[in-house]
Amino acid sequence: MGVRKRERAEAIKEAKKTIYMAKLNNCPTSPRKMRLMADLVRGEKIDKALNILKFSSKESSRKLEKLLLSAINNWQQKNEDASVEDADLFVKEIRVDGGTMLKRLRPAPQGRAHRIRKRSNHVTLVLAANDNTQSK
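Position in the sequence shown counted from 1, then plus 1, gives you the numbering used here.
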């Protein structure tokens, strides 16, 4: 069992060397608002995605722009000899999941109370190098 487990762990470690990702946890924006921006950059090349995020007026675009720059920096850490322009990177996967919710009460008429849910989200961004499989 120990040999199999070690071989599997080494295989997973080798697979992670080709994955370039960044995560943003507990971002205080509702997942629905973040998904609007995530859908705009999914599948785009990184230079086009950065331009979309930079010139968008939405607040969630600033956070996604920093996350994309972090993923690009992670790619550079693993590929120190290559340049970003020659790599032809694109946003392979961007996933927005719901995070923790802060529950607050707001006073309502006649002694009642309404629940306010302050939502947060988790964003996972994965980059990949274009191997002529992407049609964009």
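By construction, the Cβ of each residue, glycine as well, lies at the ideal position given by its N, Cα and C atoms.
Nothing here was measured: the structure is a model prediction, and the numbers come from that model.
Please report the distance separating the alpha-carbon of residue i from that of residue j.
i, j, result
"Lys67", "Ala114", "38 Å"
"Ser136", "Lys46", "Confidence is the limiting factor: at Ser136 the pLDDT is only 47, short of 50, which leaves the residue's position unreliable and the question unanswerable from this model."
"Val97", "Lys34", "10 Å"
"Val85", "Lys59", "27 Å"
"Ala39", "Leu126", "9 Å"
"Asn131", "Ala12", "23 Å"
"Asp87", "Asn26", "30 Å"
"Ala23", "Pro110", "45 Å"
"Arg116", "Arg107", "6 Å"
"Leu118", "Trp76", "Here the sequence assigns Arg to residue 118, which means Leu is not the residue at that position. About 36 Å."
"Leu70", "Gly112", "49 Å"
"Ala16", "Lys104", "40 Å"
"Val4", "Ala10", "10 Å"
"Arg43", "Thr30", "19 Å"
"Asp89", "Asp48", "9 Å"
"Tyr21", "Ala72", "6 Å"
Where does residue i fall in DSSP's three states?
i, result
"Asp98", "strand"
"Arg107", "strand"
"Lys79", "helix"
"Arg63", "helix"
"Ile20", "coil"
"Asn74", "helix"
"Arg7", "helix"
"Asn122", "strand"
Please check the pair residue i and residue j, which I expect to be a contact at CB under 8 Å, by giving their CB distance rounded to whole angstroms.
i, j, result
"Ala129", "Lys79", "With 8 Å as the limit, Ala129 and Lys79 do not qualify as a contact, their Cβ atoms being about 13 Å apart."
"Asn122", "Gly99", "6 Å"
"Leu37", "Leu54", "Leu37 to Leu54, Cβ: 12 Å. No contact."
Could you tell me which residues DSSP pairs with residue i in its beta bridges?
i, result
"Pro32", "DSSP output for Pro32 lists no bridge partner at all."
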